[in-house]
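Participant:
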Amino acid sequence: MENAYIEKIVVTNFKSYGTEKLEIPIGEGFIGIVGPNGAGKSNIGDAISFGLGLSTSKTMRAKNLTHLIYSKQGQREDFAQVDIYFANPQIFGYDEFIVTRIIYKDGKSVYKLNGKVIREKDLHLILAKGGIYKEGYNIVLQGDIVKFVKITPLERRKIIEDVAGISEYEQKRQFALEELGEADIKIRELKPLVEELETNLEKFEKEKERLRQYKALIEKKHTLECVLLLKEKQSLLKDLQKTLEEKETLEAKSSKLLETIDIKTKELKDVEQKITSLQETLLPYRESSGKLSAKIEYIKEQKASKEQELKKELSHKEDIEKKIDFLEKDLLSLEKELLEVEQEKISKEKEIYSIENAIKEKEKELKATEEKLNLSPEEIEEIEKKEKELKAVLEQKKKEYQHYVEQIQDMSQKQNRYKDDIERLKADLQALEQKDSIEEKLKTFQKNIEDARLSIEAIQQTIAKYTSSLTETKKEIEQIISEKARIESQLRYNDDDTFIFQNIKGVYGKVEDLISLKDEEYKIAIEASAGGRLSYVVVESEEIAKQCIELLKKQSDKRVSFIPLNRIKTQSLPPYPRQRGYIDFAVKLVDYDKTLEAAISFVFGDTLVVESFDVAKSLQNYRCVTLEGEVFEKSGVISGGKTKQHSNIGKKALLEKLESLNEKYSILKAKEQQLDQNIGKAKSSLIEKEGIIAINTKYIKDLENQKKDTLSQKSNILERIKAGEEYIEHLENKKKELLEMLEPLKEEIKYIEEKLTNLELRKKDILSYYTSKEIKQLKDTIESYKKLHLDKTKELNAVELKKNDISKNIEYVKSSIDQKKQELITINSQLKNLEEELTSLELELNSTEEELKESNAMFYKLYEEKELLEKDQKNLQSELGGLKLEHERLLEEIGSLSNDITRIQTKVESINDALKEKQYDGKIYEEQNQSISKIKEELEHTKKLLENMTDINLKAEEEYEETLNRLKDYKEKLEQLIKDKQAIKAMIEEIDRKKYNAFMEAFNNIRKNFKEIYKKVSYQGKADLSLDNEEDPFSGGVSIFVKPRGKDVQYVEAMSGGEQTLAAMSLIFAIQEYKPSVFYYFDEIDAHLDEANAYLLGQMIKEKSKNVQFIVVTLRENLANFADKLIGVTNKDGISKTLTFKSLKEVS
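All residue numbers for the sequence shown refer to this note's numbering, where the first residue is 269 and numbers rise by one.
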């Protein structure tokens, strides 16, 4: 694959290259840039740096990027653009590679790759494939050559990292840490869900079990209810048979009673017929009385109504008479007013007639006067012609004046618009300044990072703490293992004769197993004190002892002694001796269960443990035992000598201690395992916190970019405000100029207007000379008469209108009076009719009252006869009622029995339905043999159990299965996330390893190259690179060591400029040999070199340019002579131009 290089650059409006689009061909090999100082040589390098986004505006000697835009006399162009064309761009992964960058006047910057917009970050990632880095080593601007040896070790390490491609690993690591952070967040989100589901699952499992119990109780309830129904049905069938028999007896009694009732009913019917006959006779009289009474009431009501109506009509008549009187008065008033108006109308008509005659006379007089005058218009025409010319000039001047005024107004409007825009921009600027959400977020993310760092420190301390604790735990485990071995060696397992008694209730065990020593020091004394009794077996009673002996006879050939607690009594101890040397009674030197006190007291008795043989010898009234095991009996017998210790005293305690040690061992092992896990988790948390730092760092970077954009916006707004204010000032100056032009124009207009005024006055004078004053007076007189005529006509019209209104009112009042009089006639007629009707009603009332009195006398006579018959009727009814009541009672009883039969049958049917509903299949239940009360009691108990089982989840089984499936799904997701997290951690570790290897490979190669190249260029001088921290190269920097030939080791700062330049170039070429960049740009790197070294540098660049492009700005001929092509830069009138040459001869 051929080497890539910059083929050409195209600049537009960039720095000193003017407004024309300028193409600068570069080409491969060694390209020299030459020209006088200030011509714009370095601007080619600035164009490359700007186009690829490799340098800041400061390094390109500009206040900000907008100052890279070409400006002339303070007027800056709208944008600047640089296009960089690469040849053989396959190294970048493209067949065509054109990078474009545009900077606009408002500060907005745009990158394009092959004509498509691209982010700066993405562009730099692509450029890095060709060894082109931001602030990289392949571009050395004017005066910067020595920075490569003067930079800090950390900055030097950063250059080697760029060359080694560490940024790729850093990016991958950063991405992995971000993924780790995200995975950790997801795990933290998912864990509570899993825990919640587990809790829910446990709850649903319990609910499922409760549902099962609930269903079992429902089933039991169903069975008991069926049994109860069957029992109830059986009882109801018995009651039904008995009720049917009772009903037959009552029906027979009812039949006999009905015959008696029929006889009495016939007697009563005869009496009722007589009463009915009388009632029929009484009915006409009763009806007649009712009708007459109703008629009397009706007549009274009619009379009262007529009287009220009469009163009302009289009142109405009075009202009408009053209204007629009022209307007649009103009519007289109107007629008088009408007469006055008619007189006024006649007067007005006379006045108008008089004025009309006067107008006619004056018009005749005017006409005669006009005929006498003969006027000449020539002079007036001359004046009017001049007036027309002046008016045309005046109109032109006024238009011109108005044009200037409109321009001034337009400028004022523009000023106002710009002021409004400036105010809006200031508001936007203020809003941006007040916008502190970014700062708040930055603080939050920085706090997160700080918290994570503190957590890392805490985790590191925790890991140290866990590690220390783990070491201590391991020591404790070793001690426990040693102690266990010691206890196990002390234990002696003899044949356990009590083993065969373990299933017999009431056997406590051997004495030696039931006691434990308070102090191991007393073991020999306790064994000697108890002797063979230590092997005795403690039992509850003689009967237990008997069972043990019988079992012993069957299964063993040994003899065993038993201590039955019910036969042994606690012995009281004697007082302590008064001399020194005793320890305590043996029974008090052992621990045991207080329920066994009698047995233990029997075993040890009152034996006193003493310190020595001499002490025991002096205590003759006590049974003594020494710590060595000598026994002094009260009888004087002394036992002693060497004994074989074989008892199991304290075995239980030792076993308990061993068990305790085993438990402690298990706890410590668990602790050890837990600590290992904790250390692993802590290390895992360490990486997680690094992930948090990484993701928050990313967020901070994004916010800082956003902040940077905000600053750019603020800068843009400030520039726009400044430009607006400058434009407002410019408009103000223009306005002043126009106002100055308006003043003479205004004077000229004033002069023309004065001339026109003079002509007008002259014209009036002529007209007044020719025109008679008499005509004017006549015309004025005629006009005044016409005006007076108009006023009088209006007054006449008003009088006419007033007359019409009064006439209409008179007509209306007359009509109203006629109407009221007609109403009065009608009312008088109605009053007469009402009086006649009242007289007729009075006569009819008297006649009807007399007729009613006669009818009532006949009615009372017949009524007394009817009352006697009704008395007989009541007696018969009473007797018949008693019989019927008895019959009804019987019928009720029969009905009640029928109801009972129906009820029983209904209940039986209901029970059958209930059994059918319960899907009873004729099965015989065991519970049917139980009593109803017991079944009811059991059913009630079952119901209570069901009532107590509140909040039964009937969907528990479904919810349990659903929750189980969800839990399984979430657990799978959680496990996958944990696996992913572990994989990410492993990937981070792998990235760190590769990152270290890549850096060390680059460092070692660059170091080797640096040594060799410096040795060559300095004629056997020495140079080296060293890591500040070889264990962790990323925690320190890269230091440089340089020793020019024939000089002592010295600091770089102490070397001359030429020596520093050679060292810097050696380092650059060392890096270039390891990993060359697509191109190198050096600006006057030979400034500090002597001729010999400049020549040497030219040779080296020439040699290396066979494989890579070098673009070098130089003022030295011996360096320029090595160039394959030269680009000459000149400057005329502040605009740079370029020319291409093959050699210096062509340039000269």
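Just so it is clear, CB atoms sit at the ideal spot from N, CA and C, and this is done for glycine as well.
1) Starting from ASP1351, follow the alpha helix (DSSP H) in both directions and report where the run begins and ends.
2) Give a yes or no on whether the C-beta atoms belonging to ILE301 and ILE1395 are separated by under 7 Å.
3) Quick check: the region 615–629 against the region 1053–1065, are there 3 or more CB pairs under 8 Å?
4) Identify, in the order they occur along the chain, each residue of the same chain with its Cβ nearer than 8 Å to the Cβ of PHE360, setting aside the five sequence neighbours on each side.
5) Mapping the DSSP letters down to three states, classify GLY1396 as helix, strand or coil.
6) Using 8 Å for Cβ pairs, my map puts GLU808 next to LEU802. What's the rounded Cβ distance?
7) Let me confirm a value: LYS420 is counted as buried when at least 16 other C-beta atoms fall within 10 Å, else exposed. Which label applies?
8) Could you tell me which of ILE366, HIS335, ILE413 and LYS340 sits nearest to SER377, measuring between CA atoms?
9) Determine, using beta carbons only, whether GLN815 and ILE772 come nearer to each other than 7 Å.
10) DSSP has LEU876 in a bridge; who is on the other side?
11) Can you tell me whether SER1199 is helix, strand or coil according to DSSP?
12) Below 8 Å on the Cβ atoms is my contact criterion, and I expect ILE312 with ILE337 to pass it. Report the Cβ-Cβ distance as a whole number of Å.
13) In this structure, does DSSP put ILE836 in helix, strand or coil?
14) Would GLU958 and LEU479 be called neighbours here (beta carbons separated by less than 7 Å)?
15) In whole angstroms, give me the CA-to-CA distance for LEU641 and LYS630.
16) Using the DSSP secondary-structure output, state which residues sit across from THR1406 in a beta bridge.
17) How many Å lie between TYR790 and LEU722 at the Cα?
18) Please list the segments of the alpha helix (DSSP H) lying wholly inside the region 591–638, counting only runs of 4 or more residues, in order along the chain.
19) Report the residue from ASN1297, LEU1295, GLU1280 and ASP1296 whose alpha carbon sits nearest the alpha carbon of GLY1289.
20) Can you tell me where the beta strand (DSSP E) holding GLY777 begins and where it ends?
21) SER1286: buried (16+ other C-beta within 10 angstroms of its C-beta) or exposed?
22) What does the alpha-carbon distance come out to for the pair LEU1027 and LEU662?
23) Any contact between the region 1119–1139 and the region 495–512? By contact I mean 3 or more CB pairs, one from each, below 8 Å.
24) So the candidates are LEU1242, LEU1295, ALA1182 and MET1323; which of them puts its Cα closest to the Cα of LEU497?
25) By how many angstroms is the C-alpha of GLU1385 removed from the C-alpha of GLN974?
26) Look up SER1294 in the DSSP assignment and give the residues it is bridged to.
27) CA-CA distance, LYS1370 and THR324?
28) Report yes if the C-beta distance between ALA1332 and ILE413 is below 7 Å; otherwise report no.
29) Determine the burial state of ARG1157: buried for a count of at least 16 other Cβ atoms within 10 Å of its Cβ, exposed for fewer.
30) Where GLU707 and LYS1343 are concerned, what is the direct C-alpha to C-alpha distance, given to the nearest angstrom?
31) Taking C-alpha atoms, which residue in LYS682, GLU438, ARG369 and ILE428 lies nearest to ASP1260?
32) Please tell me whether ILE1379 and ILE299 are closer than 7 Å, where the distance is taken between their beta carbons.
33) My parser needs the beta strand (DSSP E) runs of 3 or more residues fully inside the region 292–317; what are they?
34) Check whether the Cβ atoms of LEU1144 and GLU527 lie closer than 7 Å to each other.
35) Using the beta-carbon count (16 or more within 10 Å), is SER869 buried or exposed?
36) Output the boundary residues of the beta strand (DSSP E) element that contains PHE823.
Facilitator: In short, the structure shows the following:
1) Taking the first residue of the sequence shown as position 1, residue 1351 is located at position 1083. Taken as a continuous stretch (DSSP letters only), ASP1351 belongs to no alpha helix (DSSP H), being part of the beta strand (DSSP E) at 1347–1351.
2) Looking up residue 301 in the sequence shown gives position 33. Looking up residue 1395 in the sequence shown gives position 1127. Contact: yes.
3) yes
4) As a first step, residue 360 must be located in the sequence shown, where it is residue number 92. Excluding positions up to five away in sequence, the list reads ALA272, PHE354, ILE394, LEU395, LYS397 and GLY398.
5) Looking up residue 1396 in the sequence shown gives position 1128. Three-state result, GLY1396: strand.
6) Counting from one through the sequence shown, the residue named residue 808 turns up at place 540. Counting from one through the sequence shown, the residue named residue 802 turns up at place 534. In fact, because the Cβ distance is near 20 Å, the residues do not count as touching under 8 Å.
7) For the purposes of this step, residue 420 is taken as the residue at position 152 of the sequence shown. Note on residue identity: the sequence assigns Thr, not Lys, to residue 420. Exposed, because fewer than 16 other Cβ atoms sit within 10 Å of the Cβ of THR420.
8) Position 109 of the sequence shown, counting from 1, holds the residue named residue 377. Nearest C-alpha to SER377: HIS335.
9) By 1-based counting over the sequence shown, the position of residue 815 is 547. By 1-based counting over the sequence shown, the position of residue 772 is 504. Going by C-beta atoms, GLN815 is nearer than 7 Å to ILE772.
10) By 1-based counting over the sequence shown, the position of residue 876 is 608. BP columns for LEU876 point to PHE853 and CYS892.
11) In the sequence shown, residue 1199 corresponds to position 931, counting from 1. Note: SER1199 maps to coil in three-state DSSP.
12) Numbered from 1 along the sequence shown, position 44 holds the residue referred to as residue 312. Numbered from 1 along the sequence shown, position 69 holds the residue referred to as residue 337. Not quite, the Cβ-Cβ distance comes to about 17 Å (not below 8 Å), so this is no contact.
13) As a first step, residue 836 is located in the sequence shown; it is residue number 568 there, counting from the start. Coil.
14) Looking up residue 958 in the sequence shown gives position 690. Looking up residue 479 in the sequence shown gives position 211. Contact flag unset, no.
15) For the purposes of this step, residue 641 is taken as residue 373 along the sequence shown, with counting starting at 1. For the purposes of this step, residue 630 is taken as residue 362 along the sequence shown, with counting starting at 1. Note that LEU641 scores a pLDDT of 46, beneath 50, so its modelled location is shaky and nothing firm can be said.
16) Working through the sequence shown from its first residue, we reach residue 1406 at position 1138. Looking at the DSSP assignment, THR1406 forms a beta bridge with VAL1397.
17) By 1-based counting over the sequence shown, the position of residue 790 is 522. By 1-based counting over the sequence shown, the position of residue 722 is 454. If you take the alpha carbons of TYR790 and LEU722, they lie about 58 Å apart.
18) none
19) Within the sequence shown, the letter at position 1021 stands for residue 1289. Checked all of ASN1297, LEU1295, GLU1280 and ASP1296; the closest Cα to GLY1289 is GLU1280.
20) The count along the sequence shown starts at 1 and reaches residue 777 at position 509. Its beta strand (DSSP E) spans residues 775–778.
21) As a first step, residue 1286 is located in the sequence shown; it is residue number 1018 there, counting from the start. Classification for SER1286: buried.
22) Looking up residue 1027 in the sequence shown gives position 759. Looking up residue 662 in the sequence shown gives position 394. About 14 Å.
23) no
24) Here residue 497 corresponds to residue number 229 of the sequence shown, with the count starting at 1. With distances taken between Cα atoms, LEU497 lies closest to ALA1182.
25) On the sequence shown, position 706 is the one that residue 974 refers to. On the sequence shown, position 1117 is the one that residue 1385 refers to. Taking the straight line joining both Cα atoms gives about 49 Å.
26) For the purposes of this step, residue 1294 is identified with residue 1026 of the sequence shown, where counting begins at 1. Bridge partners of SER1294: SER1307.
27) Within the sequence shown, residue 1370 is the residue found at index 1102, counting from 1. Within the sequence shown, residue 324 is the residue found at index 56, counting from 1. Looking at the two C-alpha atoms, the distance is approximately 30 Å.
28) Stepping through the sequence shown from its first residue, residue 1332 is reached at position 1064. Stepping through the sequence shown from its first residue, residue 413 is reached at position 145. Yes, these two residues count as a Cβ contact at 7 Å.
29) For the purposes of this step, residue 1157 is identified with residue 889 of the sequence shown, where counting begins at 1. The residue is exposed, with fewer than 16 neighbouring Cβ atoms inside 10 Å.
30) Indexing the sequence shown from 1 puts residue 707 at position 439. Indexing the sequence shown from 1 puts residue 1343 at position 1075. Going by the C-alpha atoms only, they are around 41 Å apart.
31) As a working note, residue 1260 is residue 992 in the sequence shown. Minimum Cα distance to ASP1260 is reached at GLU438.
32) Locating residue 1379 in the sequence shown gives position 1111, where the first residue counts as 1. Locating residue 299 in the sequence shown gives position 31, where the first residue counts as 1. Cβ atoms of ILE1379 and ILE299: closer than 7 Å.
33) 298–302
34) For the purposes of this step, residue 1144 is taken as the residue at position 876 of the sequence shown. For the purposes of this step, residue 527 is taken as the residue at position 259 of the sequence shown. Not in contact: LEU1144 and GLU527 (Cβ atoms no closer than 7 Å).
35) Position 601 of the sequence shown holds residue 869. When all chains shown are included, SER869 counts as buried.
36) Position 555 of the sequence shown holds residue 823. One detail in the question is off: residue 823 reads as Gln in this sequence, not Phe. Where GLN823 is concerned, there is no enclosing beta strand (DSSP E), although the alpha helix (DSSP H) it sits in stretches over 810–823.
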